[in-house]
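This report refers to the structure that appears directly beneath it.
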Amino acid sequence: DGRCAKRTLLNSNEREAATMGGRVQVVRWDARCLPLRTDSVDVIVVDMPFGKRVGSKADNVKLYPECIREMERVLRRGKGRAVVLTTER
């Protein structure tokens, strides 16, 4: 469902978005196959599934590396940054 994206949009402050030049965009995509060009993203912030409400810890063993590879592909080489929230080590 889209509850997380909606909550993020509601929590985002319009003034904060304006200070970033209006370049804040919240989307809901499959992180294993992003519809973006290689080396085209400055920052990714993602709250990975913990395997409690969605999926399982066993699913995450396969999911996490696939997502990280895709983030690496779309992030700008040498400049792109990712913030990944997870309970995994």
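Its first residue numbered 111, the sequence shown is counted upward by one per residue in the working numbering.
Positions of the beta carbon are idealized from the N, C-alpha and C atoms, including for glycine.
Predicted model only: the values in this text are computed from it and were never measured.
Worksheet item: Beta-carbon separation of Arg191 and Asp149 under 8 angstroms?
Response: no
Discussion item. So, at 6 angstroms on beta carbons, what are the nonlocal neighbours of Val153 in its own chain, with the 5 sequence-adjacent residues on each side left out?
Written reply: Arg191
Worksheet item: Span of the alpha helix (DSSP H) holding Leu173?
Response: Lys167 to Val184
Item to complete: Evaluate Ala168 with the Cβ neighbour count: other Cβ atoms within 10 Å of its Cβ, from every protein chain shown; 16 or more gives buried, anything less gives exposed.
Response: exposed
Worksheet item: How is Gly141 classed by DSSP in three states: helix, strand or coil?
Response: It is worth fixing the name first, because residue 141 is Ala in this sequence and not Gly. In this structure, Ala141 counts as coil in the three-state DSSP scheme.
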